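What follows is a short report on a single structure.
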Amino acid sequence: MRLVKYALGADPTPRVGLFEGDEVVALGSGELRLSTLLHDDDPASAVRGLSAGAERLPLATVRLLAPIDRQEVWGAGVTYERSKKAREEESERAATFYDLVYRAERPELFFKATPHRVVGPGESIRIRRDARWTVPEPELALVVSSRMRIVGFTIGDDVSSRDIEGENPLYLPQAKVYDGCCALGPGILLATADDFRDRSIRLEIVRGGSRIFEGETSTARMARRFEDLVAWLGRDQTFPDGVILLTGTGIVPPDDFTLESGDVVRIDIEGLGTLETPAVLG
Ligand code: DO4
Ligand code: MG
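Residue numbering for the sequence shown follows our numbering, starting at 5 and increasing by one per position.
Here it is as structure tokens:
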């Protein structure tokens, strides 16, 4: 069961729907929030209840939006060995911190975005004007309810400025958090953590119509369990509207690669579909 957030024509009202084949089933009125459904004890039966007899719209007539309303987005870092190695290389003087955090019981968790910094399918992720080295980070995103239960999954892009992060790890918030720094979508699959322990993640970057990078990994290569990441995130803090947690990247383009305006980033996660976003400078 896949939830989507969408708008119709020129009307900006965000709506919630259910993806079914090449249709979207309209759920509730424009007042329905994703968080209301996701916090239900049994989101799937709440969705079933709302979808009975509801209007069906051809997918081609709706504009998909990022599947988020009031949630914060957080990120987990250095959860794959590939990410650890890349940070060690970019950040000579702080390399040891990345090895320490990869092995430590406490994971690296950082604040990533508020909803207004997040873009949806087809919208532009941004390259900071003051960065020289920007990369997409294709990540499985956990959708977590206010009770800190994993209720669903979506695709996330933790767009990052590696030169800013590499210069000094204390610059991490500037490397990671800015307008258009995160993409989510295309929808939220309601599923359990067990369903996603071994799913392929693919990244493809297209420039001027040609594929210039392609990489693949699997969530099975993650060094952490989803439930542990969520438990650490929920220590001594609450998320009244739920939270979206990006689980870290296992695909890193070569060091001479940086995103350019006009590049198209395609992230594909088995079972979740494809999230495609163009990149734009500044
Ligand atoms: O420590 C830097 C961030 C790591 C990260 O975003 C990742 O591993 O995906
Ligand atoms: Mg990341």
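Yeah, the Cβ is synthetic: ideal placement off N, Cα and C, and Gly gets one too.
For clarity, every value in this text was computed on a predicted model and none was experimentally measured.
Looking at the DSSP output, R215 bridges to V210. Judged by their CB atoms, E141 and S164 are nearer to each other than the 7 angstroms cut-off. L263 is not a Cβ neighbour of I159, given a cutoff of 7 angstroms.
If you check the C-beta of T221 against the ligand DO4, you find no heavy atom less than 6 angstroms away. Excluding sequence positions up to five before and after R86, its CB lies within less than 6 angstroms of the CB of G254, V256, all in the same chain and listed in chain order. Closest by C-alpha distance to W137, out of S265, L279, E274, D272, is S265.
Taking 7 angstroms as the cut-off, the Cβ atoms of P125 and L38 do not count as close. With distances taken between CA atoms, E169 lies nearest to G81 out of G81, T223, V66. Collapsing the DSSP output to three states places S204 in a strand. The ligand MG has no heavy atom closer than 6 angstroms to the beta-carbon of G53.
Here the C-alpha atom of E112 lies approximately 28 angstroms from the C-alpha atom of G286.
Short of 8 angstroms from the beta carbon of L36, and not among the five residues preceding or following it, lie these beta carbons of its own chain, in chain order: R19, V20, L54.
In the structure shown, G238 adopts coil according to DSSP, grouped into three states. Around the beta carbon of R130, 16 or more other beta carbons sit within 10 angstroms, so the residue counts as buried. In terms of Cα proximity to V155, the closest of V247, D272, I273 is V247. Relative to the ligand MG, the nearest heavy atom lies less than 6 angstroms away from the CB of E141. For T17, the enclosing beta strand (DSSP E) has its first and last residue at 15-24. G34 is bridged by DSSP to nothing; it lacks a bridge partner.
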